[in-house]
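For reference, the structure is listed below as structure tokens.
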Amino acid sequence: MPQIADKTENLAILAKKIKAWGAQLGFQQVAIVEPDLSAASEKLHQWLASEYHGSMGWMSEHGDKRYVVDKLVDHTVRVICVRMDYLSDNKMIAVLKNDNKAYISRYALGRDYHKLIRRRLASLVSFIRAELPSMALSQRAFVDSAPVMEKPLAEQAGLGWMGKNTLILNDKAGSWFFLGEIYTSLPLPVDHSEQPNRCGKCRACIKVCPTDAFPEPYVLDARRCISYLTIEHKDAIPIEIRPLMGNRVFGCDDCQISCPWNRYPQRTGESDFTPRHGLDEPELVTLYNWSEVEFLRYTEGSPIRRIGYQRWQRNLAVGLGNASANSDILAALERSAAQSSDLVREHVQWAIEQQRHKITHKARPK
Ligand code: SF4
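Counting along the sequence shown from 1, when you hit position 293 you're at 467 in the working numbering, and nothing is skipped either side.
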């Protein structure tokens, strides 16, 4: 294969090849952007000043590396942005309506996407390198793993627009996809295909949010967001928010499910994203009864594992407390009331009180 020098026309050929390789590697879209994160950095600072990031202190760390791309990776002049669909089922609403079931965010049902996408991006990086063996290239791939402003970059690259729910929406694919990036020193031709914002007057995501986590459109207060509370937050879940969480025990997709742009979602063809161990519609009690050994076994290679057994049990206890009156649930909670962790014990106690109250109330003649 003839080698490509860094001439303009050759870079255009290389950009086309990168997109073709990306498609072969399973990405639904690949686009190249000359990053300008000045507006995004202003929004970030406002968001941090409002303390909407909760305990995610890492959001304010790393100085300006987050929005000055060549401070994170030397000599970066372009970012290659990719997206990959992950939705594998359509049981979301049925599970949310059944309060004996546990709802797990759809992105977490299969194998951890970080590994899969990182591997594919590494292949893409090596294909580019192979085209330019004698050129000193600076390239680095990211998947939700470093101070990278992936959503503003994706928006600039034309992968979609930032919806009022703060997710990237694509007019053909909705929002059920992962993002990834390659920072590169190659001055590739950029894509000028930004999608206009098509949210219009819709506010479905804001209205449906179970915990009212959007203080205004395009702004998320993570401290009220179920995804943050069940995954990122290490301490007790605020008592006033627990009843609002329903059966959502790992993440929440309500603002995606309600979005009209997700009415006809694209299904993934990746077998790694196929639900494992029935996690697409599990019983709350079944998950709660897992021992730590079982938790580690069933979540091996899954993004769920990173929250650890105690937070897993904390979240499930909230789900069990929110379930309808159920003596089996109460028995399971009471059997485990002497938990070793203060965090879990307090949530289990809360759930026991909720169940006892509901059972008593249900039994009382009208
Ligand atoms: S639900 Fe409506 S407002 Fe929210 S992101 Fe989708 S289109 Fe935009």
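Just so you know, even glycine gets a beta-carbon here, dropped at the ideal spot from N, CA and C.
Worksheet item: Out of curiosity, what's the CA-to-CA distance linking R377 and H407?
Response: 27 Å
Worksheet item: Near A347, what residues of its chain come up, given a Cβ to Cβ distance below 7 Å and the 5 sequence neighbours on each side ignored?
Response: Q202, D259 and Q440
Discussion item. Please tell me whether, using a cut-off of 7 Å, the distance from the CB of R441 to the nearest non-hydrogen atom of ligand 1 is below it.
Written reply: no
Worksheet item: Contact between the stretch 465-476 and the stretch 299-307: three or more CB pairs below 8 Å?
Response: no
Practice prompt. Please find out if some non-hydrogen atom of ligand 1 comes closer than 7 Å to the beta-carbon of K191.
Written response: no
Fill in: Segment contact flag, the stretch 491-507 with the stretch 412-428, C-beta cutoff 8 Å, min 3 pairs
Enough Cβ pairs lie closer than 8 Å, so yes.
Practice prompt. Would you list, in sequence order, the uninterrupted beta strand (DSSP E) runs of no fewer than 3 residues that lie entirely inside the stretch 344-423?
Written response: Runs of the beta strand (DSSP E) spanning 3 or more residues and lying entirely within the stretch 344-423 occur at 351-358, in chain order.
Practice prompt. Determine which residues share a DSSP beta bridge with I342 and list them.
Written response: M336
Discussion item. Residues around ligand 1, please: the ones whose beta-carbon is closer than 5 Å to some heavy atom of it, in chain order.
Written reply: For ligand 1, the residues with a Cβ under 5 Å from any of its heavy atoms are, in chain order, G337, K338, N339, C373, C376, A378, C379 and C433.
Practice prompt. Quickly, what does DSSP pair V256 with across the bridge? List them, please.
Written response: V204 and G354
Worksheet item: alpha helix (DSSP H) containing A223: first to last residue?
Response: That run of the alpha helix (DSSP H) goes S212 to A223.
Worksheet item: alpha helix (DSSP H) containing A296: first to last residue?
Response: Y287 to E305
Item to complete: Under 6 Å Cβ to Cβ from Q177, same chain only, skipping five residues before and after it: list those, please.
Response: Reliability fails at Q177, whose pLDDT of 47 lies under 50, so the model's placement of it is uncertain and no value is given.
Worksheet item: Roughly how many angstroms lie between the CA atoms of M175 and L306, to the nearest whole one?
Response: Residue placement at M175 is poorly supported in this model, since its pLDDT is 36, which falls under 50; the coordinates still yield a value, given next. Looking at the two C-alpha atoms, the distance is approximately 11 Å.
Practice prompt. Determine the direct distance from the alpha carbon of R294 to that of A194, and round the result to whole angstroms.
Written response: 13 Å
Item to complete: Enumerate in chain order the residues of its own chain whose CB-to-CB distance from L504 is below 8 Å, with the five nearest sequence positions on each side excluded.
Response: For L504, where only same-chain residues beyond five positions count, the Cβ hits under 8 Å are I526, Q529, R530 and I533.
Worksheet item: By how many angstroms is the C-alpha of V459 removed from the C-alpha of T358?
Response: 48 Å
Discussion item. Can you tell me where the beta strand (DSSP E) holding A315 begins and where it ends?
Written reply: Here the beta strand (DSSP E) through A315 covers Q313 to F316.
Item to complete: Report yes if the C-beta distance between K338 and C383 is below 8 Å; otherwise report no.
Response: no
Worksheet item: Based on the DSSP output, what are the partners of E235 in its beta bridges?
Response: DSSP output for E235 lists no bridge partner at all.
Item to complete: Please determine, among E457, N344, L353 and A310, the residue with the shortest C-alpha to C-alpha distance to V317.
Response: Nearest neighbour of V317 by Cα position, chosen from E457, N344, L353 and A310, turns out to be L353.
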